[in-house]
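Numbering-wise (full-length UniProt numbering), the sequence shown opens with residue 1 and increments by one. What follows is a short report on a single structure.
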Amino acid sequence: MALLVQLRWMAVVGQLVTIWGAVDLLGVRLPMPQLVAVPVLLALVNLATWIMGREREGYSHLELLAALMLDVGSLAWQLWFSGGTTNPFAFLFLLQIVIGAILLPPGWSWIVAAVSAAAYAGLTFNYRPLDLPAPYSETPMPLFLFGNLVCFLLIAALLMFFVIRIDRNRRQSDAALAALRQQAAEEHHIVRMGLLASGAAHELGTPLATISVLLGDWRRHPALARSPELLDEVEDMTTEVQRCKTIVTGILQSAGEARGERPEVTTLRQFVQTIAEEWDARSDGTVLLEDRIGGDDVDIVSDPALRQVIGNVIANALEVSPHFVMLSAVVEAGQAVISVRDRGPGFAPEMLEAFGRPYSSTKGRAGGGLGLFLVVNVLRKLGGKVEVCNPADGGALVRMSIPVASLAFGRSVAV
């Protein structure tokens with residue numbers, strides 16, 4: 001419909017210019033009220049279509065057919081008052097037929113062709129002759145040939161405009177379809193990874209529980225009580241087993257399989273602070289927190305999947321910049337913006353272009369790039385986005401924006 005409206009605006013301008021040229025330049029006597037009424041009507045219809053269509057995403061075939069019938073009827077009306085088919089602009093009926101064939105299904109487009117043909121046939125035998133001034137009234141052929149040339153150029157220009165716009169829309173549709181297919185493939189990949197992780201977590205649960213029980217028994221063994229060094233090692237093993245169990249629980253929560261646990265409600269400040277403290281404690285590097293939330297702190301659900309992907313970004317940053325990783329958070333325009341910055345070499349140009357694609361990594365090892373792939377897809381499921389860049393003063397910056405509403409209680413994403 002948008003293309004029809006644009007063509008109609010061009011028709012309005014063209015009709016007014018043609019009427020002015022015929023009357024003022026050639027001296028043709030035309031019934032002005034009847035002819036000028038058509039472009040005025042088409043302009044009003046265009047305005048009404050624009051007003052009513054601002055919140056619409058599409059139009060039915062019946063509405064497109066009605067719009068084309070209006071254009072055919074308007075052309076027939078003007079031709080009846082200006083010489084019928086002796087007017088070279090009668091060939092504009094062909095333009096309506098072509099547009100109908102492109103926009104409508106075959107059955108509907110045949111209606112446009114039939115009505116246009118009937119209008120042309122009727123105007124061949126019934127019309128109001130043109131009142132031509134001398135010398136055109138005696139030898140009208142030069143004027144007719146000139147009109148044919150103008151009509152040919154007009155139809156050629158309009159067809160080129162219309163077909164180019166149709167081709168551009170088709171290319172945009174193909175690109176959007178390709179993006180949807182890529183997204184579907186990525187989500188299928190995530191589902192397979194989630195099933196694998198969930199299965200592994202279930203399988204690891206039993207041996208971890210067994211090891212935990214055995215370590216508890218060892219702690220109470222008299223021999224260990226007499227050996228502080230062994231007791232310290234058992235304590236370290238117990239801590240690591242507990243950490244493994246926490247990771248397994250997090251995987252099951254991310255897969256939506258945790259049982260008997262209510263979602264943890266926290267605040268954005270506490271959420272990022274906990275992540276920064278955990279990574280600063282568990283790694284040999286330094287993870288700092290820049291709190292820019294101020295008085296805009298909001299209540300959110302501590303989503304395991306979001307926590308995991310932020311951890312992935314921090315882990316990647318620590319590999320290239322172990323002495324400085326900055327985690328920051330701020331609320332801007334209803335978005336929770338969480339950023340991770342390092343002082344490493346920055347992203348390679350090819351990495352910036354392929355950021356978020358599976359197996360796209362500069363680390364040169366199997367499975368590289370999956371962490372960033374999950375970051376992009378988890379954020380997308382939350383309605384957010386990820387932006388990466390190399391700041392002018394060095395390092396790399398990953399900026400994650402998530403709608404605050406997506407983090408509200410009751411909204412959680414599964415990887």
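From the three backbone atoms N, C-alpha and C, an ideal C-beta is built for every residue, glycine too.
Ile155 (DSSP reduced to helix, strand or coil): helix
Exposure of Ile293, with buried meaning 16 or more beta-carbon neighbours within 10 Å: buried
Length of the line joining the Cα atoms of Lys245 and Thr210: When rounded, the distance between both Cα atoms is 12 Å.
Simplified DSSP assignment, three categories, for Leu288: Leu288 carries a strand assignment under DSSP once its states are collapsed to helix, strand and coil.
Opposing strand residues paired with residue 416 [DSSP bridges]: Since the displayed the chain opens at 1 and closes at 415, residue 416 lies outside it and no answer follows.
Euclidean distance between Cα positions of Val272 and Ala43: 57 Å
6 Å Cβ shell around Val398 - same chain, five flanking residues per side excluded: Close CB contacts of Val398 within its chain, under the 6 Å cut and outside five residues either way in sequence, are with Val313, Val340, Val388 (chain order).
Other residues of its chain near residue 444: CB distance less than 7 Å, five sequence neighbours each side excluded: Since the first and last residues shown for the chain are 1 and 415, residue 444 lies out of range.
At least three beta-carbon pairs within less than 8 Å, the stretch 118-134 to the stretch 49-69: no
Nearest-angstrom Cα separation, counted from Ala317 out to Val376: Straight-line Cα distance between these residues: approximately 16 Å.
Length-filtered (4 minimum) alpha helix (DSSP H) runs lying within the stretch 88-112: 92-103
N- and C-terminal bounds of the alpha helix (DSSP H) containing Ile402: That residue, Ile402, is in no alpha helix (DSSP H); its beta strand (DSSP E) goes 396-403.
DSSP bridge partner residues for Val248 (one or two, in chain order): Looking at the DSSP output, Val248 bridges to nothing.
Rounded separation between Gly395 and His323 - CA only: The alpha-carbon of Gly395 is positioned some 12 Å away from that of His323.
Inter-residue spacing [alpha-carbon to alpha-carbon] between Arg380 and Leu158: 41 Å
Rounded separation between Glu353 and Gln15 - CA only: Going by C-alpha positions, Glu353 is about 49 Å away from Gln15.
Local conformation of Asp342 per DSSP, three classes: strand
C-beta atoms of Thr124 and Gly84 nearer than 8 Å: In terms of Cβ geometry, Thr124 and Gly84 form a close pair [threshold 8 Å].
Cβ neighbour criterion (16 or more within 10 Å) applied to Gly58: A residue is called buried once 16 or more other Cβ atoms fall within 10 Å of its Cβ, and Gly58, having fewer, is exposed.
Buried/exposed call for Asn87, threshold 16 Cβ in 10 Å: Here Asn87 is buried: its Cβ has 16 or more other Cβ atoms, across all protein chains shown, within 10 Å.
For Val386, the first and last residue of its enclosing alpha helix (DSSP H): Val386 -> not in any alpha helix (DSSP H); beta strand (DSSP E) instead, spanning 385-389.
Cβ separation of Val298 and Thr267, assumed to be a contact under 8 Å, to the nearest whole Å: 7 Å
Distance CB(Arg128)-CB(Phe91) smaller than 8 Å: no
Beta-ladder partner(s) of Asp393, from DSSP: Paired residue(s): none; Asp393 is not in a bridge.
Straight-line gap, Glu235 to Gln242 (C-alpha atoms, nearest Å): 10 Å
Secondary structure of Arg29, DSSP reduced to three states: strand
Bridge-paired residues (DSSP) for Leu327: Leu289, Val340
Per-residue burial, Asp131 [other beta carbons within 10 Å of its own, 16 or more giving buried]: Exposed: under 16 other Cβ atoms inside 10 Å.
Inter-residue Cα distance where the pair is Gly346 and Pro391: When rounded, the distance between both Cα atoms is 8 Å.
Rounded straight-line distance, which links the Cα of Leu154 to that of Val98: 14 Å
The beta strand (DSSP E) enclosing Asp299, as first and last residue numbers: DSSP places Asp299 in the uninterrupted beta strand (DSSP E) bounded by 299-301.
Neighbourhood of Ser283 by C-beta distance below 6 Å, restricted to the same chain and skipping five residues each side: Leu318
For Ile310 and Leu372, the rounded distance between their alpha carbons: 10 Å
Euclidean distance between Cα positions of Ser212 and Glu233: 14 Å
The stretch 37-55 in contact with the stretch 6-21 per 3-pair CB rule at 8 Å: The stretch 37-55 vs the stretch 6-21: in contact.
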